[in-house]
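Notes follow the structure.
In the UniProt record's numbering, the protein residues as written are 1 to 401.
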């Protein structure tokens with residue numbers, strides 16, 4: 001349904017991210033109610049998965065998703081849930097690669113200059129001075145020395161990962177014949193290109209082909225490693241999503257049925273219904289969404305999915321009714337307006353589609369006007385920070401996991 005989170009040729013290990021966002025915490029799919037859970041159950045909920053006995057914590061998963069908060073701000077609940085499952089998939093792959101790296105005993109020594117370079121990049125990317133960085137770290141009960149240690153440990157991990165990938169991708173090569181064939185397909189004889197331009201284009205093709213070859217080798221290795229490794233997804237929602245993404249829809253429906261008893265996220269109901277729809281059991285899908293509207297009567301996305309499934313089953317009048325209800329509840333949601341415009345278009349409801357698109361454009365324009373003002377306000381708040389007023393809580397150094 002959604003693009004893969006990872007691009008293996010540019011596989012990025014989570015090194016270190018300093019968040020300068022101010023505001024509330026992340027509200028992801030895991031809004032679980034712990035009031036009826038035993039201490040053992042609550043502890044288990046903190047572990048999302050295990051890879052050969054190594055745990056992946058919910059904190060790590062949520063932390064990773066929070067790092068993409070800006071890019072995913074307009075995601076629907078269902079998209080966020082799928083995205084979070086993609087992150088978990090990447091974390092599982094990361095663990096497999098790190099375990100391979102441990103076998104290889106790659107040299108991971110990190111120099112002070114490498115640490116300084118990362119800090120310089122943080123300052124440059126955030127247009128900050130060192131004093132400003134220190135102030136922001138202090139607000140998070142963190143010091144520069146702690147940040148440096150976190151960077152050192154993370155760079156060590158990166159070097160281990162790169163060593164494992166180099167080992168896995170060793171031997172990847174591209175022949176001149178393959179480059180020439182790809183060049184002919186893309187540019188023909190290239191008679192209009194100068195010799196230097198032809199060589200430059202061929203070099204780009206060579207690099208692209210090599211990257212694809214390396215990606216294929218890594219994909220193959222990860223697939224085999226997953227088959228051989230003992231991997232247990234402990235979180236019920238993520239387990240259901242894993243089954244759904246692997247098109248095991250009957251098993252996914254069973255898992256979602258259990259997961260919805262623990263999660264208040266409407267996205268669980270959406271994927272639960274979608275599992276039945278994929279199985280050709282439309283009435284079951286309708287039943288799931290009907291009960292979901294009782295629990296989440298103000299959630300536009302439930303009604304939208306209801307409309308989508310009705311439309312897929314050629315129930316256009318019922319689909320229109322649900323889309324209109326979704327529109328009524330959508331408020332100023334950018335993604336809702338865009339999707340509803342497309343859905344009304346498919347139903348040939350051109351006036352309704354145009355109304356939704358007008359709303360979408362208006363929201364886009366308002367956002368473009370607000371962004372510069374918000375950036376200016378953030379800069380003013382930064383200037384008003386008084387280091388003497390910042391309280392630093394005593395305690396042990398906090399380390400990035």
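Built from N, CA and C at the ideal position, the CB exists for glycine as well.
Distance, residue 198 Cα to residue 337 Cα: 46 Å
C-alpha gap between residue 179 and residue 185, whole angstroms: 10 Å
Identity of the residue in 360, 344, 311 nearest residue 334 by Cα: 360
Spatial distance of residue 296 from residue 266 (CA atoms): 7 Å
Which of helix, strand or coil DSSP assigns to residue 230: coil
Inter-residue CB distance, residue 48 and residue 238 (contact presumed, cutoff 8 Å): 6 Å
8 Å Cβ cutoff met for residue 244 and residue 286: no
Neighbourhood of residue 475 by C-beta distance below 7 Å, restricted to the same chain and skipping five residues each side: Look at the range of the chain in this structure, 1 to 401, and you will see that residue 475 is not part of it.
contact_flag[the stretch 104–113, the stretch 54–71] where n(CB pairs < 8 Å) is 3 or more: no
Secondary structure of residue 57, DSSP reduced to three states: strand
Straight-line gap, residue 196 to residue 363 (C-alpha atoms, nearest Å): 48 Å
Range covered by the beta strand (DSSP E) that runs through residue 50: 47–51
Alpha-carbon to alpha-carbon, residue 129 and residue 145: 16 Å
Whole-number beta carbon distance between residue 330 and residue 320, since they are thought to touch under 8 Å: Residue 320 to residue 330, Cβ: 15 Å. No contact.
DSSP three-state assignment for residue 24, whether helix, strand or coil: With a pLDDT of 29 at residue 24, under the threshold of 50, the modelled position of this residue cannot be trusted, and the question is left open.
Reduced DSSP secondary structure (H/G/I, E/B, other) of residue 211: helix
Pick from 298, 325, 294 that is closest to residue 308, judged by C-alpha positions: 325
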